[in-house]
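Asks: The structure follows.
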Amino acid sequence: MTAIYSRIIGTGSALPERVLTNADLEKFVDTSDEWIRTRTGIRQRHVAAEGQTTGDLALAAAERALAAAGVKASELDLIVLGTTTPDLVFPSTACLVQHRLGANGCAAFDVNAACSGFVYALGVADKFIRSGQSKKVLVIGAETLTRMVDWSERETCVLFGDGAGAVVLEPSGEPGIYATCLHADGGFKELLYNPVGVSAGFRDEPNHGVRIRMAGREVFKVAVKTLDALVGETLEAAGMHEADIDWLIPHQANLRIIEATAKRLNMSMDRVIVTVDQHANTSSGSVPLALDYAVRSGKVQRGQNLLLEAFGGGFTWASALLRY
Ligand code: COA
Numbered sequence: 005m006t007a008i009y010s011r012i013i014g015t016g017s018a019l020p021e022r023v024l025t026n027a028d029l030e031k032f033v034d035t036s037d038e039w040i041r042t043r044t045g046i047r048q049r050h051v052a053a054e055g056q057t058t059g060d061l062a063l064a065a066a067e068r069a070l071a072a073a074g075v076k077a078s079e080l081d082l083i084v085l086g087t088t089t090p091d092l093v094f095p096s097t098a099c100l101v102q103h104r105l106g107a108n109g110c111a112a113f114d115v116n117a118a119c120s121g122f123v124y125a126l127g128v129a130d131k132f133i134r135s136g137q138s139k140k141v142l143v144i145g146a147e148t149l150t151r152m153v154d155w156s157e158r159e160t161c162v163l164f165g166d167g168a169g170a171v172v173l174e175p176s177g178e179p180g181i182y183a184t185c186l187h188a189d190g191g192f193k194e195l196l197y198n199p200v201g202v203s204a205g206f207r208d209e210p211n212h213g214v215r216i217r218m219a220g221r222e223v224f225k226v227a228v229k230t231l232d233a234l235v236g237e238t239l240e241a242a243g244m245h246e247a248d249i250d251w252l253i254p255h256q257a258n259l260r261i262i263e264a265t266a267k268r269l270n271m272s273m274d275r276v277i278v279t280v281d282q283h284a285n286t287s288s289g290s291v292p293l294a295l296d297y298a299v300r301s302g303k304v305q306r307g308q309n310l311l312l313e314a315f316g317g318g319f320t321w322a323s324a325l326l327r328y
C-alpha cells in the first residue's frame, strides 16, 4: 500500500500592525538596543492592538493559508491550533476560528505546549492524516504573548511579540512529513511559567498576576542541550543525514540558541530562516511565521527538506522533518 504522508499545500501568517522597536522600549524600561540585540538578536516586535485577539491573528493567517492552498474553509475536516494565550477559557480558539471561517462541523481543538504549540499541533495533525481520518487539515500557531508581559520587567518584556502562522495539510503518496518528534518534561516547570490560572486562582496584582516568570540563563542552557539531542533524534527517525536538510526553520526565541542548533547540524546561517530580529519570540506563532516568510520570500522551494523545531515552557520540545 502507498504510504500516506501529510503534505503542506499552503502557508499563511499575520502580524499586528503596531511595531515596537528596541529604541521604543528604551523610553520606558531600563534597557538598551545594544543589550537586546547582542543577547537575543531581536530588533523589534509586533504588538496586538487593544481588543485584537489571538483568534483575530489566527483567522487572518488561516485565510491566507487557505487561499494559498486553494482550499475552501468548508472542505476542512480538522483544525488544530497551538496557543498558550487563547481568546477565552472556552470555547477553544480553534472553535472560534472555525466558526469565523465558516468551517462549522469539523473537529477543532487547541493544543497548549507553550512555544512548541505549533509543532505539537503539526505532529497531531500529521497523525490524523496518516490514519486516514482527515483529508484537509488547518494547523495554526497563534499568540498574543504581550498580554502576559509586565512592561516594567526588563528580563522578560524585551523578548516577546504577537503573531500567527498557519498551514493547510492534505494526504499524499509523496512526502510530505517524514517524521515528527514530540517531548515534554514537566519537572522544569519552575524555570518558565505563568503562575496563575482559573483553577490555581488569580492574584490581587496588576493584570491579576498574569505574567511570564523565567529563569533566562537556565532556560537558555537547557534549550541548547535539548535541541541538540532533538535534531539528532529527528534525523534518525526520518532516516536522514545533516546534509539532507536544505533549511532549518527554528523556533525564534534567541539568535544565539538558533546559531547553536545550526552549528550542531553543520549548517551555515544562510540555510537557516531567521525572523527573530523582526518578530521576537511569538511562541506558537514563531515557527509558522518563519515558514510562511521563507515560502513567500522564495527562499524555500518545493521539493526541499525542512527541519522545524521548537522549545518552550513545560518544558516541551518538538520537531518535524518534511519535504516541502
Ligand atoms: N536590558 C539590559 N540589561 C538586562 C536586561 C535588559 N532587557 N535583562 C537582563 N539584564 C541584565 C541582568 O540584570 C544582568 O545584570 P547583572 O549582570 O548586573 O546581574 C545582565 O543583564 C546579564 O543577564 P544574564 O541573564 O546573564 O543574560 P544572558 O546573556 O543570559 O541573556 C536572556 C538573558 C534572557 C536573553 C537569555 O538568557 C535567554 O535568551 N534565555 C532563554 C530565554 C528564552 O528563550 N525563553 C523562551 C524559551 S521558549
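Numbering (the working numbering) for the sequence shown: 5 to 328. Beta carbons: idealized from backbone N, C-alpha and C, even for Gly.
1. Could you pull the DSSP bridge partners for arginine 22 from this structure?
2. Quick one: complete alpha helix (DSSP H) runs, 4+ long, within the stretch 211-296?
3. Roughly how many angstroms lie between the CA atoms of tryptophan 251 and leucine 92, to the nearest whole one?
4. Tell me whether phenylalanine 122 sits in a helix, a strand or coil according to DSSP, three-state version.
5. Which residues in the same chain have their Cβ closer than 8 Å to the Cβ of leucine 100, if we skip the five residues on either side of it in sequence?
6. Three or more C-beta pairs closer than 8 Å, one from the stretch 140-149 and one from the stretch 59-75: is that the case here?
7. Beta carbon of alanine 257: closer than 7 Å to some heavy atom of ligand 1?
8. Would the stretch 107-117 count as touching the stretch 293-309 if we require 3 or more Cβ pairs under 8 Å?
9. For serine 10, which of Leu173, Leu293 and Ile83 has the nearest alpha-carbon?
10. Across which residues does DSSP place asparagine 309 in a beta bridge pair?
11. Rounded to a whole number of angstroms, what is the C-alpha to C-alpha distance between isoleucine 249 and serine 288?
12. Restricting to runs no shorter than 3 residues, where is the beta strand (DSSP E) found entirely within the stretch 120-195?
13. Note the first and the last residue of the continuous alpha helix (DSSP H) segment covering leucine 70.
14. If you measure from the CB of valine 223, is any heavy atom of ligand 1 nearer than 7 Å?
15. Within its chain, find whatever has a CB closer than 6 Å to the CB of leucine 310; leave out the 5 residues flanking it on each side and keep chain order.
16. Is the beta carbon of serine 36 within less than 7 Å of some heavy atom of ligand 3?
17. From leucine 293 to lysine 267, what does the alpha carbon distance come to, in whole angstroms?
18. Starting from the C-beta of valine 218, find all residues in its chain whose C-beta is less than 6 Å away, skip the five residues before and the five after it, and write them out in chain order.
19. Quick one: any contact between the stretch 146-160 and the stretch 51-69, if contact means 3 or more CB pairs under 8 Å?
20. Can you give me the Cβ contacts of threonine 35 inside the same chain, cut-off strictly under 8 Å, excluding the 5 residues immediately before and after it?
21. Do the stretch 226-237 and the stretch 205-217 touch if we need at least three Cβ pairs shorter than 8 Å?
22. Valine 101 lies in the alpha helix (DSSP H); which residues open and close that run?
23. For the alpha helix (DSSP H) containing isoleucine 40, list its first residue and its last residue.
24. So, glycine 205 versus glycine 169, is the Cβ gap smaller than 8 Å?
25. Determine which residues share a DSSP beta bridge with valine 84 and list them.
26. Sorted by chain position, which residues of the same chain lie with C-beta nearer than 7 Å to aspartate 281's C-beta, five sequence neighbours on each side aside?
27. Quick one: Cα of histidine 187 to Cα of glutamate 79, how far?
28. Flag glutamate 159 as yes when its Cβ comes closer than 7 Å to any non-hydrogen atom of ligand 1, and as no otherwise.
Replies: On the basis of the coordinates in this document:
1. Val51
2. 220-242, 259-268 and 280-283
3. 36 Å
4. helix
5. Gly59, Asp91 and Leu92
6. yes
7. yes
8. no
9. Leu173
10. Arg327
11. 23 Å
12. 141-148, 166-176 and 181-188
13. 58-73
14. yes
15. Trp251, Ile253, Leu326 and Tyr328
16. This structure lacks ligand 3; the ligands present are ligand 1.
17. 23 Å
18. In the sequence as displayed, the identity of residue 218 is methionine instead of valine. The residues are Thr160 and Leu196.
19. yes
20. Asn26, Leu29, Arg158 and Val162
21. no
22. 97-105
23. 37-44
24. no
25. Phe113 and Val143
26. Gly45, Ile46 and Arg47
27. 31 Å
28. yes
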